[in-house]
Structure formats: structure tokens, C-alpha cells
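*Asks:* Protein chains in written order, with the working numbering: chain D, 1 to 115; chain C, 1 to 109.
Virtual Cβ for every residue (Gly too), placed ideally from N, Cα, C.
Because the structure is a prediction, the values reported are computed rather than measured.
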Amino acid sequence: ETGVTQSPTHLIKTRGQQVTLRCSSQSGHNTVSWYQQALGQGPQFIFQYYREEENGRGNFPPRFSGLQFPNYSSELNVNALELDDSALYLCASSLGGLATNEKLFFGSGTQLSVL
Amino acid sequence: KQEVTQIPAALSVPEGENLVLNCSFTDSAIYNLQWFRQDPGKGLTSLLLIQSSQREQTSGRLNASLDKSSGRSTLYIAASQPGDSATYLCVTSGSRLTFGEGTQLTVNP
Numbered sequence: 001e002t003g004v005t006q007s008p009t010h011l012i013k014t015r016g017q018q019v020t021l022r023c024s025s026q027s028g029h030n031t032v033s034w035y036q037q038a039l040g041q042g043p044q045f046i047f048q049y050y051r052e053e054e055n056g057r058g059n060f061p062p063r064f065s066g067l068q069f070p071n072y073s074s075e076l077n078v079n080a081l082e083l084d085d086s087a088l089y090l091c092a093s094s095l096g097g098l099a100t101n102e103k104l105f106f107g108s109g110t111q112l113s114v115l
Numbered sequence: 001k002q003e004v005t006q007i008p009a010a011l012s013v014p015e016g017e018n019l020v021l022n023c024s025f026t027d028s029a030i031y032n033l034q035w036f037r038q039d040p041g042k043g044l045t046s047l048l049l050i051q052s053s054q055r056e057q058t059s060g061r062l063n064a065s066l067d068k069s070s071g072r073s074t075l076y077i078a079a080s081q082p083g084d085s086a087t088y089l090c091v092t093s094g095s096r097l098t099f100g101e102g103t104q105l106t107v108n109p
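1) Could you run through the segment 32-62 of chain D and flag, in chain order, every residue whose CB is less than 9 angstroms away from some CB of chain C?
2) So which residues of chain C does residue 26 of chain D contact, with C-beta pairs closer than 7 angstroms?
3) Distance cutoff 8 angstroms, beta carbons only. Does residue 34 of chain C sit that close to anything in chain D?
4) Return no unless some Cβ of chain C is closer than 8 angstroms to the Cβ of residue 111 of chain D.
5) I'd like to know whether the C-beta atoms of residue 37 of chain D and residue 108 of chain D end up nearer to each other than 8 angstroms.
6) Got a sec: which bits of the segment 51-70 of chain C sit with their beta carbon under 7 angstroms from any beta carbon on chain D, in order along the chain?
7) What did DSSP end up calling residue 14 of chain C once you bin it into helix, strand or coil?
8) Applying the criterion that 16 or more other CB atoms from any shown protein chain within 10 Å of the CB defines a buried residue, is residue 8 of chain D buried or exposed?
9) Could you give the DSSP three-state label for residue 95 of chain D: helix, strand or coil?
10) Tell me the rounded alpha-carbon separation between residue 82 of chain C and residue 44 of chain C.
11) Identify each residue in the segment 37-49 of chain C for which the Cβ-Cβ distance to at least one residue of chain D is less than 8 angstroms, and report them in chain order.
12) Is it buried or exposed for residue 83 of chain D, if we count other Cβ within 10 angstroms and need 16 for buried?
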């Protein structure tokens, strides 16, 4: 158990809809990052939040957005869903942001299917 | 832009064999390199983290090495067991986190 929980575990949406995924960080961690993992591929970095501010972003369009709350839990929002958004979405928590030597602790992911 | 490559993409070995998984990266300006294990449809479990100033890390039957100058890391698994069957991912931490595509390992009883 990593102490990082994600909800829901599975989700089915239709093209054009909006979705919100949630992540609770491990206690004491102030950094959360989100990843998209398509079937058979490695995770792709979406963005990272450190103390409630976005401080790193991968090559994802603006319809992927996020929030981090004062308790360091986080949301990933995706607008105007496309079929290619179908993937496993993972969040990870850590202490101190990207430029550190802290381990990442991952949740079990949300499997999103867009029909 | 950092690129991380893992070889082989898949590996099948008999139980008890020692094996090596390879990871190469193009940008040596990294803070650390981590190896993770991923079981089907699940999140990632951290196995080893090697800081940029370190050469290797060990945990039980696992040993990971890092050669920044050549852009290479290896994960050595001793006396493999069926429970080691999973996908193994390496990830570099620099200006952003970059994952390899993974090596899918199957250890046959």
C-alpha cells in the first residue's frame, strides 16, 4: 500500500463529455503529479502541482487541467473527451517537487474508457 | 527532449535465472533514476531510486546501476521467481519525469 488513493477505479464516458478524476496524496506529501498510460505504453507526464500551483506540464492540450487543494489532494479534469483519451490515469505523490531525490508513490489508477 | 528506451521489450525466463533489464536515456542532466514495477492494470511500485551522484542501489535480490556519462542504467534480478512477473519501468527525473516503455518480464515455474 502506497497511501495514495484514486477514485473512481473505472469510468466510462462518451465523446465530448467532461470527466473529473481524484487523487488523495500520501500523508505529508505536498506534490502530486498526473500521468496518462495508454495500453502497452509507458506513462506520459501530464502535469505536476506543488503546494497548490502547477509547476510542470507535459505535452497535453489545455483541455487537460487540474487542481491541488490545501490538503494536497488533487483533481484532473478533462474536457471535450476524445476517443484517444481512453487510458489508465495515474497520480503520484512525493515531497518537494520534481527537482528532488524523493521517491514517487503511485495510486492504482483510474481506467477511463471513452466511447 | 529526454528519451528513455528500455531493452528488451519482453523477456521470458525459467525460474531461478539471473537476468538484466536495460534502460538508456539521451539527456544525462538528471536528478535521479527510478525503477518501478507495474502489475497488469495497476499502479506503479517503486523498487529502487538512484541519485545522480550514486552508481548503484541494492534491495534484496534487486540491484540497479547508473552510468550517467553513457546514459545507461541496468536492473539486475537475481534468482528470479514467478512472482517477479510484471512490467518493469525506468524513469528519469530532470526538468520533467520521463518514462521508458517498459520491459514485460515473465518468469516461468
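*Replies:* Once the coordinates are examined:
1) 33, 35, 37, 40, 41, 42, 43, 44, 45, 48, 56, 57 and 58
2) For the purposes of this step, residue 26 of chain D is taken as the residue at position 26 of the first sequence. Simply none; closest approach about 12 angstroms.
3) Locating residue 34 of chain C in the second sequence gives position 34, counting from the first residue. Yes - at least one Cβ of chain D is within 8 angstroms of the one on residue 34 of chain C.
4) To locate residue 111 of chain D, count along the first sequence from 1; it is residue 111. Yes, residue 111 of chain D counts as interfacial toward chain C.
5) Counting from 1 along the first sequence, the entry for residue 37 of chain D is found at position 37. Counting from 1 along the first sequence, the entry for residue 108 of chain D is found at position 108. Not a contact, by the Cβ cut-off of 8 angstroms.
6) 51
7) The residue given as residue 14 of chain C occupies position 14 in the second sequence. In this structure, residue 14 of chain C counts as strand in the three-state DSSP scheme.
8) Residue mapping note: residue 8 of chain D aligns to position 8 of the first sequence, counting from 1. Classification of residue 8 of chain D: exposed, given that the 10 Å Cβ count is below 16.
9) Position 95 of the first sequence, counted from the first residue, corresponds to residue 95 of chain D. Correct three-state label for residue 95 of chain D: coil.
10) The sequence position of residue 82 of chain C within the second sequence is 82, counting from 1. The sequence position of residue 44 of chain C within the second sequence is 44, counting from 1. Approximately 18 angstroms, taken between the alpha carbons.
11) 41, 42, 43, 44, 45, 46 and 49
12) Your numbering for residue 83 of chain D matches position 83 in the first sequence. Classification of residue 83 of chain D: exposed, given that the 10 Å Cβ count is below 16.
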